[in-house]
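Asks: Mind looking over this structure? Questions follow.
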Amino acid sequence: MEHGSGEINNINMPEDQFRTDTDPPACDTGDSVVGLNRQQPWRKDITVRGIVASLMIGIMYSVIVMKLNLTTGLVPNLNVSAALLAFVFIRTWTKLLHKAGFTTTPFTRQENTIIQTCAVACYSIAVGGGFGSYLLGLNKKTYEQAGVDTPGNSPDSYKEPGIGWMTGFLFVSSFVGLLALVPLRKIMIIDYKLTYPSGTATAVLINGFHTPKGDKMARKQVVGFAKFFTGSFVWAFFQWFYSGSGTCGFTYFPTFGLKAYANSFYFDFSMTYVGAGMICSHLVNLSLLAGGVLSYGVMWPLIGDRKGDWFPSNLPQSSMKSLNGYKVFISIALILGDGLYNFLKITFFTARNIYTTSRKNPKTNDSNELQDNLQRNEVFLRESIPFWVAATGYVMFSIVSIIIIPIMFPELKWYFVLVAYVIAPSLGFCNAYGAGLTDMNMAYNYGKVALFVLAAMTGKEKGVVAGLVGCGLIKSIVSISSDLMHDFKTGHLTMTSPRSMLVSQAIGTAIGCVVAPLTFFLFYKAFDIGNPDGEYKAPYALIYRNMAILGVEGFSALPNHCLHFVMGFLLLPC
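Read in order, the letters of the sequence shown are residues 1 to 574 in the UniProt record's numbering.
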């Protein structure tokens, strides 16, 4: 798992699961929906209190995921918890106003869905904006870590982070993906009936909240949330009293002894990682544990003993021609091998599913579909987004990006950006279809392909910057379009208008484009980001930069004997 791909896998629930006590009678929940005829206008789903709630949740989660991005690079999926916090925030607000004697608008599941969508869109920019990978890989520290004398790592191939250019880059690259697959929403959600497990799970939770029993369930979850939040806060406050400069303090306690500590085996007592491990699947946690033991417990000490034989003994350990080169390029091989395997697997499942669907005989709706599912389909289709709106918006945003991106980064020519936006909808469809089947977002793998291609085509002097920026463009479009389909699935199952979903996604994206760079600079100015011996290692920044160097230089960029390791680990996931 990589960069926020902590998915909820293997969720396959029948349509009957979504029958709640509010479908269609909704008087117990305060919904104004009693059948479709009384469905309120989609504009009323977007409220001021909802935007405020989304802003608060989005900012809080942006800080959380930014820390994870800059430490381990592992960010779990927080969509379901965002739906819970949205429910708690608005329900608490309305109850306080009722006690004060004020009348408020009923809180509906549609508004709950809108808040969750907006908040997730906001913090998703912090997750996938490249702050721990391709954008951070442009800074001078990462350039120096890759080796100033490394071929392909040219002296002018770095750009220091800045709030201005980062915010501008996010604005011109993020909104294109919102419109890439909008015309295909009916095909993906209704015709192909793709499950989108994360979107389905979120819809189940929201529908469950807005039932007579939902309040009681939510209250229990809030009590549990408050208990663990308080415990985590008190523990972090206690640790602060025993913290020191450098590697001194409670978070660097040599749990397994000084010899193990020298090889990075110790427990830092961080509740953040405990919580992330509880959200992630056993497969992910065990994979991380196996990787840590195999690398820092076996491989790096053994390769380090070959100093003076495999690599010069006078080189610093951080040099790409020293031990660090083996660490980085073996990790790259594993990431690429796993990405290639999953890409081929999802391509196979996608092709097989499309073939199977095309051979099925069409079924009549009246006799084979439940009435509530027909109602959901009608709402989903009635509030349609015109094709010309999506097409015009995509073209306009693309033109703006084609003009602005080469000005920001002269290394990336305008015709490369044009080609990226021409092929992006096709890549987005493949990724969104695969995500609908498996819940795996493969956007970073498409970005890596773009990174290698652009780095190789641009040349030695400008290839690194062009590759990193191009990776960000492709990744943003492909990832955001897939996320929007997850949201459309949630909206379909909660009978929320696609128009309000798209608008809330756009609002959340705009907020995220402002909040994410500010959040990043909170950490960038306060901590030593990118220090391989510190807490905020930001490991993917160096990995992505070296991918670009590998694209420019080929295998000549590898240390001695590293190619054998790379080929072996590249084939290991297969």
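Think of the CB as a built atom: it goes at the ideal place given N, C-alpha and C, for glycine as much as any other residue.
Of the choices 108, 266, 68 and 471, whose alpha-carbon is the least far from that of residue 45?
Replies: Taking the sequence shown and counting its residues from 1, the one referred to as residue 45 is at position 45. The option with the nearest alpha carbon to residue 45 is 108.
Asks: Using only CA atoms, which one of 572, 459, 271 and 393 lies nearest to residue 502?
Replies: What you label residue 502 is simply residue 502 of the sequence shown in a count that begins at 1. Comparing Cα positions, the closest option is 393.
Asks: For residue 221, which residues of its own chain have a beta-carbon under 7 angstroms away from its beta-carbon, when the five flanking residues on both sides are left out?
Replies: The residue given as residue 221 occupies position 221 in the sequence shown. Closer than 7 angstroms at the Cβ level, and outside the excluded window around residue 221, lie 84.
Asks: Please work out which residues of its chain come closer than 6 angstroms, Cβ to Cβ, to residue 540, disregarding the five sequence neighbours upstream and downstream, and give them in chain order.
Replies: The residue labelled residue 540 in the question sits at position 540 within the sequence shown. Correct list, in chain order: 73, 132 and 133.
Asks: Any contact between the stretch 123 to 130 and the stretch 150 to 159? By contact I mean 3 or more CB pairs, one from each, below 8 angstroms.
Replies: Touching, no.
Asks: Out of 559, 564 and 51, which has the shortest C-alpha to C-alpha gap to residue 319?
Replies: Sequence index remark: in the sequence shown, residue 319 carries index 319 (1-based). Per the Cα distances, 559.
Asks: Indicate whether residue 457 and residue 110 have their beta-carbon atoms separated by less than 9 angstroms.
Replies: As a first step, residue 457 is located in the sequence shown; it is residue number 457 there, counting from the start. As a first step, residue 110 is located in the sequence shown; it is residue number 110 there, counting from the start. Not a contact, by the Cβ cut-off of 9 angstroms.
Asks: Since residue 255 and residue 237 are thought to touch, with beta carbons under 8 angstroms apart, how far apart are those beta carbons, to the nearest angstrom?
Replies: Position 255 of the sequence shown, counted from the start, is the residue given in the question as residue 255. Position 237 of the sequence shown, counted from the start, is the residue given in the question as residue 237. Actually they are not in contact, since the Cβ atoms of residue 255 and residue 237 sit about 21 angstroms apart, beyond 8 angstroms.
Asks: Could you pull out every residue in the same chain whose Cβ sits closer than 6 angstroms to the Cβ of residue 175, ignoring the five residues on either side in sequence?
Replies: In the sequence shown, residue 175 corresponds to position 175, counting from 1. Hits under 6 angstroms: 397.
Asks: Quick check: the stretch 465 to 476 against the stretch 446 to 453, are at least 3 beta-carbon pairs closer than 8 angstroms?
Replies: A contact exists between the stretch 446 to 453 and the stretch 465 to 476.
Asks: Just how far apart, CA to CA, sit residue 248 and residue 169?
Replies: Taking the first residue of the sequence shown as position 1, residue 248 is located at position 248. Taking the first residue of the sequence shown as position 1, residue 169 is located at position 169. Their Cα atoms are separated by approximately 38 angstroms.
Asks: May I ask you to list the residues that DSSP assigns as paired with residue 512?
Replies: The sequence position of residue 512 within the sequence shown is 512, counting from 1. BP columns for residue 512 are empty, so no partner.
Asks: Suppose only complete runs of 4+ residues qualify. What are the alpha helix (DSSP H) ranges in the stretch 275 to 346, listed by chain order?
Replies: Counting only runs of 4 or more, we get 282 to 294 and 300 to 304.
Asks: Between which two residues does the alpha helix (DSSP H) containing residue 406 stretch?
Replies: Position 406 of the sequence shown holds residue 406. It spans 387 to 408 - the alpha helix (DSSP H) in which residue 406 sits, taken as one unbroken run.
Asks: How long is the line joining the alpha carbons of residue 271 and residue 400, rounded to whole angstroms?
Replies: What you label residue 271 is simply residue 271 of the sequence shown in a count that begins at 1. What you label residue 400 is simply residue 400 of the sequence shown in a count that begins at 1. C-alpha separation (whole angstroms): 43 angstroms.
Asks: Residue 67 by DSSP, collapsed to three states: which one?
Replies: Position 67 of the sequence shown, counting from 1, holds the residue named residue 67. In the structure shown, residue 67 sits in a helix (DSSP, three-state: H, G or I).
Asks: Suppose the cutoff is 7 angstroms on Cβ atoms and the five residues either side in sequence are ignored; what does the same chain contact list for residue 553 look like?
Replies: Mapped onto the sequence shown, residue 553 falls at position 553. Closer than 7 angstroms at Cβ, skipping near neighbours: 151 and 152.
Asks: Assuming residue 476 and residue 128 make a contact with CB atoms under 8 angstroms, what is their CB distance in whole Å?
Replies: The residue you call residue 476 lines up with position 476 of the sequence shown. The residue you call residue 128 lines up with position 128 of the sequence shown. Indeed they touch by this definition, with Cβ atoms about 7 angstroms apart.
Asks: For the alpha helix (DSSP H) that residue 546 lies in, which residues bound it at each end?
Replies: Numbered from its first residue, the sequence shown carries residue 546 at position 546. Taken as a continuous stretch (DSSP letters only), the alpha helix (DSSP H) holding residue 546 covers 539 to 553.
Asks: Among residues of its own chain, excluding the 5 on either side of residue 322, which ones have a beta-carbon nearer than 6 angstroms to its beta-carbon?
Replies: The count along the sequence shown starts at 1 and reaches residue 322 at position 322. Same-chain partners within the cutoff: 311 and 315.
Asks: As a quick exercise: from 522, 296 and 432, pick the residue whose alpha carbon is nearest that of residue 188.
Replies: Against the sequence shown, residue 188 aligns to sequence position 188. Of the candidates 522, 296 and 432, the one whose C-alpha sits nearest the C-alpha of residue 188 is 432.
Asks: Across the stretch 518 to 525 and the stretch 420 to 431, are there enough close Cβ pairs to call them in contact, namely three or more that are closer than 8 angstroms?
Replies: Too few Cβ pairs lie closer than 8 angstroms, so no.
Asks: Kindly provide the ranges of any alpha helix (DSSP H) runs that are 4 or more residues long and lie completely inside the stretch 448 to 526, ordered along the chain.
Replies: Complete alpha helix (DSSP H) runs here, min 4: 463 to 493 and 498 to 526.
Asks: In its own chain, which residues sit with a C-beta less than 6 angstroms from the C-beta of residue 390, not counting the 5 before and 5 after it?
Replies: Here residue 390 refers to the residue found at position 390 of the sequence shown. Closer than 6 angstroms at Cβ, skipping near neighbours: 179, 182 and 183.
Asks: Relative to the C-alpha of residue 201, which candidate in 486, 454 and 403 has its C-alpha closest?
Replies: Counting from one through the sequence shown, the residue named residue 201 turns up at place 201. Out of 486, 454 and 403, 486 has the C-alpha closest to the C-alpha of residue 201.
Asks: Quick check on this structure: which residue in 570, 572 and 543 has the alpha carbon closest to the alpha carbon of residue 143?
Replies: Within the sequence shown, numbered from 1, the residue matching residue 143 stands at position 143. Answer by Cα proximity: 543.
Asks: Since residue 54 and residue 118 are thought to touch, with beta carbons under 8 angstroms apart, how far apart are those beta carbons, to the nearest angstrom?
Replies: Position 54 of the sequence shown, counted from the first residue, corresponds to residue 54. Position 118 of the sequence shown, counted from the first residue, corresponds to residue 118. Contact flag correct, Cβ pair sits at about 4 angstroms.
Asks: Nearest by alpha-carbon distance to residue 210: which of 106, 382, 261 and 351 is it?
Replies: Residue 210 sits at position 210 when you count from the first residue of the sequence shown. Of the candidates 106, 382, 261 and 351, the one whose C-alpha sits nearest the C-alpha of residue 210 is 106.
Asks: Which residue wins for smallest C-alpha separation from residue 490, given the options 195, 306 and 414?
Replies: Position 490 of the sequence shown, counted from the start, is the residue given in the question as residue 490. Here the closest residue by C-alpha is 195.
Asks: I need the boundaries of the alpha helix (DSSP H) containing residue 98, first residue and last residue.
Replies: Here residue 98 corresponds to residue number 98 of the sequence shown, with the count starting at 1. Looking at the DSSP string, the run of the alpha helix (DSSP H) that includes residue 98 is 79 to 99.
Asks: Determine the direct distance from the alpha carbon of residue 295 to that of residue 566, and round the result to whole angstroms.
Replies: If you number the sequence shown from 1, residue 566 lands on position 566. If you number the sequence shown from 1, residue 295 lands on position 295. So the two alpha carbons sit approximately 14 angstroms from each other.
Asks: Take the Cβ of residue 66 as the centre, count every other Cβ of all protein chains shown within 10 Å, and call the residue buried at 16 or more, exposed below.
Replies: For this step, residue 66 is matched to residue 66 along the sequence shown. Its Cβ being crowded by 16 or more others within 10 Å, residue 66 is buried.
Asks: Taking the alpha-carbon of residue 387 as reference, which of 185, 235 and 299 has the nearest alpha-carbon?
Replies: Translated into the one-based positions of the sequence shown, residue 387 becomes position 387. The shortest C-alpha separation from residue 387 is found at 185.
Asks: So, are the CB atoms of residue 575 and residue 239 less than 9 angstroms apart?
Replies: The structure shown does not extend to residue 575, since the chain is modelled only from 1 to 574, so the question has no answer here.
Asks: Please state the DSSP three-state secondary structure of residue 249.
Replies: The sequence position of residue 249 within the sequence shown is 249, counting from 1. Of the three classes helix, strand and coil, the one that applies to residue 249 here is strand, per DSSP.
Asks: My understanding is that residue 402 touches residue 412, with C-beta atoms under 8 angstroms, so please give their C-beta distance in whole angstroms.
Replies: Mapped onto the sequence shown, residue 402 falls at position 402. Mapped onto the sequence shown, residue 412 falls at position 412. Incorrect: roughly 10 angstroms between the Cβ atoms, too far for contact.
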